[in-house]
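J.: Encoded as structure tokens, here's the structure I'll be asking about.
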Amino acid sequence: MKTNYIYLGAMLLCLTACKKEVKVEEKVVVEKDSVPAEVVKSEPMDSIAMQKAWEEYMTPSEMHKKMAADTGTWEEELTFWMGRDDTKPQKSTATANTKMILNGLYQESVHTGNMMGMPFEGRSTLAYDNAAKQYVSTWIDNMGSGIMVMKGNYDEASKTVKMEGEVTDPMTKKVKKIREVITAIDANTQKMEMYDMSPDGKEFKSMEIMMKRKK
């Protein structure tokens, strides 16, 4: 007998719940039907403003002129540190051919040389995003299978471009932060410094490249 009462009570609860759900659904439908048509209307886009915005976005700026000034062939002296306690860094040399592409909007560099006894080739692109007002760089090479993306800004006082990004560590398979500082020493000399993260989460200088333009 008690079992029957339990079943009956459960059925009543289900019926009550179903009725409440139906009422809620009906209320939602009524509310949707009652929304004025003008509320869901979208404003027409200003075609003239859109055209002006895209023209500014695709036109080389003063920052692009600075990038164009780096066009040429650069001799590179590379120094690598494998960790924070590395007192015997490895050294290597490479050559970079730099030019502007796509209507002067992007800087492309092709780096070739030898690294750790192996032929090395890397390609970088550098952009200045007129809309975001920042630099964006990409890097690929034949010693990895990923694409490194970094973003940053130019500091006029120190003549440096400071950029930050993230990469996946091949050893731990975890994402870690990296940063890069490019310093213009003079018109024909630049220094690039790369900073990495050690397993304990502390930053260390992992690479330095001294670049001199061939005359």
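The numbering used here numbers the first residue of the sequence shown as 91 and each following residue consecutively.
Note that CB positions come from ideal geometry on N, CA and C, so glycine has one too.
All figures in this text were calculated on a predicted structure; none of them were measured in a lab.
From Ala-221 to Gln-141, what distance separates their C-alpha atoms?
T.: Start at 1 with the first residue of the sequence shown, and residue 221 comes out as number 131. Start at 1 with the first residue of the sequence shown, and residue 141 comes out as number 51. One C-alpha to the other measures close to 14 Å.
J.: Over what stretch of residues does the alpha helix (DSSP H) that includes Met-172 continue unbroken?
T.: Taking the sequence shown and counting its residues from 1, the one referred to as residue 172 is at position 82. No alpha helix (DSSP H) contains Met-172, which DSSP labels as neither H nor E.
J.: Could you give the first and the last residue of the continuous alpha helix (DSSP H) run that contains Ala-143?
T.: To locate residue 143, count along the sequence shown from 1; it is residue 53. 137–148 is the span of the alpha helix (DSSP H), which, as asked, contains Ala-143.
J.: Can you give the Cα-Cα distance for Asn-232 and Lys-249, rounded to whole angstroms?
T.: For the purposes of this step, residue 232 is taken as the residue at position 142 of the sequence shown. For the purposes of this step, residue 249 is taken as the residue at position 159 of the sequence shown. So the alpha carbons of these two residues sit roughly 31 Å apart.
J.: Can we say the stretch 268–284 touches the stretch 138–154, given the rule of at least three CB pairs closer than 8 Å?
T.: These segments do not touch.
J.: Just verifying my parser: in three-state terms, what is the DSSP assignment at Ala-186?
T.: Here the question's residue 186 lines up with position 96 in the sequence shown. Ala-186: strand per DSSP, three-state reduction.
J.: In terms of residues, what are the limits of the alpha helix (DSSP H) holding Ala-158?
T.: Working through the sequence shown from its first residue, we reach residue 158 at position 68. Start and end: 152–158.
J.: Please state whether the Cβ-Cβ distance between Lys-292 and Arg-174 is less than 8 Å.
T.: Within the sequence shown, numbered from 1, the residue matching residue 292 stands at position 202. Within the sequence shown, numbered from 1, the residue matching residue 174 stands at position 84. Closer than 8 Å, so yes.
J.: Return the CA-CA distance between Met-261 and Asp-136, expressed in angstroms with no decimal places.
T.: The residue labelled residue 261 in the question sits at position 171 within the sequence shown. The residue labelled residue 136 in the question sits at position 46 within the sequence shown. Cα to Cα, the separation comes out at about 51 Å.
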